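Notes to accompany the following structure.
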Amino acid sequence: MDQLLTIAGWSLCGLWCLCFLLPLSAHWWRRFPRLVRRNAPLDTFPTLTVVVTAKDEGGRISDCLASLLASDYPHMTLIAVNDRSTDSTGDEIDRLAKLDPRVRPVHIETLPPDWLGKNHAMWRGAASCDSDWILFTDGDVIFQEDTIRLAIGWSLKERLDHLAMIPSMLTGSLFETALVSFFGLIFAGATQSWLIRLPTRHIYAGVGAFNLVRRSFYEGAGGHVPIAYDVADDLKLGQLLKRHGARADLLAAGNYLKVRWQQSAWSTITGLEKNGFAGLNYSVPKTCWAIGTAALLFYSPLVVLATREGPPTWGFAATLAVAHFAYASGAFVFGSRPWVLPLLLPASLGILFAFVRSMAITLKQGGVRWRDTFYPLEELRRRRYR
Numbered sequence: 001m002d003q004l005l006t007i008a009g010w011s012l013c014g015l016w017c018l019c020f021l022l023p024l025s026a027h028w029w030r031r032f033p034r035l036v037r038r039n040a041p042l043d044t045f046p047t048l049t050v051v052v053t054a055k056d057e058g059g060r061i062s063d064c065l066a067s068l069l070a071s072d073y074p075h076m077t078l079i080a081v082n083d084r085s086t087d088s089t090g091d092e093i094d095r096l097a098k099l100d101p102r103v104r105p106v107h108i109e110t111l112p113p114d115w116l117g118k119n120h121a122m123w124r125g126a127a128s129c130d131s132d133w134i135l136f137t138d139g140d141v142i143f144q145e146d147t148i149r150l151a152i153g154w155s156l157k158e159r160l161d162h163l164a165m166i167p168s169m170l171t172g173s174l175f176e177t178a179l180v181s182f183f184g185l186i187f188a189g190a191t192q193s194w195l196i197r198l199p200t201r202h203i204y205a206g207v208g209a210f211n212l213v214r215r216s217f218y219e220g221a222g223g224h225v226p227i228a229y230d231v232a233d234d235l236k237l238g239q240l241l242k243r244h245g246a247r248a249d250l251l252a253a254g255n256y257l258k259v260r261w262q263q264s265a266w267s268t269i270t271g272l273e274k275n276g277f278a279g280l281n282y283s284v285p286k287t288c289w290a291i292g293t294a295a296l297l298f299y300s301p302l303v304v305l306a307t308r309e310g311p312p313t314w315g316f317a318a319t320l321a322v323a324h325f326a327y328a329s330g331a332f333v334f335g336s337r338p339w340v341l342p343l344l345l346p347a348s349l350g351i352l353f354a355f356v357r358s359m360a361i362t363l364k365q366g367g368v369r370w371r372d373t374f375y376p377l378e379e380l381r382r383r384r385y386r
């Protein structure tokens, strides 16, 4: 029994190193601020259209557009899509459009059938541009003035078709920070996105705050039409492009890109209501397996250390140390605060609860409610991009 316990403990420690610590180390090594130091100045500037989609973002859309308009990138147009907002979002977009001719407003009044709202808004925005590149972003993201220029430079240097960047997360309370940091940890472990440069179509990524795509490649892949009914639109865009042979990259943006993901710890949990179950393809067995596996990874060392002692438990003690180090490292890499380290286990409980809650609510109501529109579960399952 002791021998089996020893093998299990050190195997679990190795699994943590391979699945979490290695990806996070790779993301740390390939941070955007570090990589772009080697960028040569651009000789030519390809044309760019930034598609900003917003629904009821009246309190934040102005800051987002102002940060984009302050960009030092010369050949840029902003298409600001007001997606059926009921607040001042449309008025703010129109006000800025009158002040700066680079802003082109698009107002959507009704949602056509067979589309999700945000996916349709991005498709509408992209349909009216003829630039070399398209940047899809959300209406609450804040850019530095050189973010776009450096991102285009990196994409050209690396001959990319798709560049996604993870923003630094602005947070409020300590527990909100802990939850957001834990979500970054499981994102790195679940997607293994540090391997995205490999040509395989099975490793992909996308980030709603920053998806930069070559327009010709985007249109050749069908645009947003193949993913018209996918809740995880950003991730599915990455999958779509990678499946069509895109050269893709994913970088941690550092201070070059900032966003407040949710407004509190509880809204971080409720914010996963539409995405949690969707990210596991609306599959009950897959969701239960993922939650059970995560519980084993996070809590089995505690159980063993609480009930056994001596050399056979050393592997589990090492696992617990590696887990906390990986958690703090992930918080640092993705722009959060590494002193959330003691909150690993409470944060893991919070996020696992969010996934269980997402599955339960989606099954109970028979679908997903997003942006004041209800989408039936049967249709979401049938039409999801595979």
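Those letters in the sequence shown? Residues 1 to 386, per the numbering used here, in order. C-beta: ideal position from N, C-alpha, C; glycine also. Just so you know, these numbers come straight off a predicted model, no measurement behind them.
Close beta carbons around residue i, own chain, < 8 angstroms, minus the five adjacent residues each side
i	result
residue 156	42 and 46
residue 220	244
residue 305	313, 316, 317 and 320
residue 158	247 and 249
residue 338	328, 329, 331 and 332
Identity of the residue in the options nearest residue i by Cα
i	options	result
residue 336	252, 303, 310 and 279	252
residue 272	350, 65, 212 and 301	350
residue 266	175, 114, 73 and 342	175
residue 347	310, 298, 374 and 371	298
residue 102	89, 143, 48 and 250	48
residue 44	339, 161 and 149	149
residue 22	383, 374, 344 and 327	327
residue 116	353, 229, 61 and 138	229
residue 201	322, 12 and 386	386
residue 316	68, 6 and 249	6
residue 33	330, 293 and 257	257
residue 160	90, 196, 91 and 28	196
residue 263	169, 145 and 368	169
residue 16	189, 144 and 376	189
residue 414	376, 309, 369 and 301	The requested residue 414 is not part of the displayed model; the chain covers only 1 to 386.
residue 73	79, 231, 147 and 136	147
residue 323	310, 309 and 340	340
residue 254	3, 13 and 36	36
residue 377	40, 259 and 367	367
N- and C-terminal bounds of the alpha helix (DSSP H) containing residue i
i	result
residue 287	284 to 307
residue 27	22 to 29
residue 120	117 to 127
residue 183	174 to 191
residue 73	Careful: residue 73 lies outside any alpha helix (DSSP H) and carries neither H nor E.
residue 142	Element bounds for residue 142: not the alpha helix (DSSP H) but the beta strand (DSSP E), 141 to 143.
residue 154	147 to 157
residue 218	215 to 220
residue 243	233 to 243
residue 278	276 to 279
residue 33	32 to 35
residue 266	265 to 270
residue 377	377 to 383
residue 44	First-last for residue 44: undefined, no H or E at that position.
Endpoints, the beta strand (DSSP E) within which residue i is located
i	result
residue 334	First-last for residue 334: undefined, no H or E at that position.
residue 370	367 to 370
residue 49	48 to 54
residue 97	Note, residue 97: premise wrong, no beta strand (DSSP E); alpha helix (DSSP H) at 89 to 99.
Nearest-angstrom Cβ-Cβ length linking residue i and residue j, presumed shorter than 8 angstroms
i	j	result
residue 26	residue 194	4 angstroms
residue 236	residue 279	So it is not a contact: roughly 10 angstroms between Cβ atoms.
residue 329	residue 24	5 angstroms
residue 209	residue 269	20 angstroms between Cβ atoms; not a contact.
residue 142	residue 64	6 angstroms
residue 10	residue 231	Rounded, the Cβ-Cβ distance is 39 angstroms, inconsistent with contact.
residue 79	residue 128	6 angstroms
residue 184	residue 334	4 angstroms
residue 282	residue 381	5 angstroms
Neighbourhood of residue i by C-beta distance below 7 angstroms, restricted to the same chain and skipping five residues each side
i	result
residue 109	84
residue 171	177, 180 and 336
residue 342	none
residue 361	273
residue 379	229
residue 374	367
residue 20	185, 188, 189 and 326
Own chain, CB closer than 6 angstroms to residue i, minus 5 neighbours either side, in chain order
i	result
residue 359	277 and 287
residue 61	54, 89, 92 and 139
residue 77	49 and 102
residue 136	51, 122 and 211
residue 248	162, 196 and 242
residue 12	319
Handout entry: Touching by the beta-carbon criterion (3+ pairs, under 8 angstroms), the segment 82 to 93 and the segment 158 to 166
Key = no
Handout entry: contact_flag[the segment 170 to 183, the segment 221 to 239] where n(CB pairs < 8 angstroms) is 3 or more
Key = no
Practice task
Pair every Cβ in the segment 120 to 130 with every Cβ in the segment 51 to 70, then say whether three or more of these pairs are closer than 8 angstroms.
Solution key: yes
Practice task
Take every Cβ of the segment 275 to 293, pair it with every Cβ of the segment 240 to 256, and state whether three or more of those distances are shorter than 8 angstroms.
Solution key: no
Practice task
Could you tell me whether the segment 123 to 132 touches the segment 204 to 219, where touching means 3 or more Cβ pairs closer than 8 angstroms?
Solution key: yes
Practice task
Could you tell me whether the segment 57 to 69 touches the segment 87 to 98, using the rule of 3 or more Cβ pairs below 8 angstroms?
Solution key: yes
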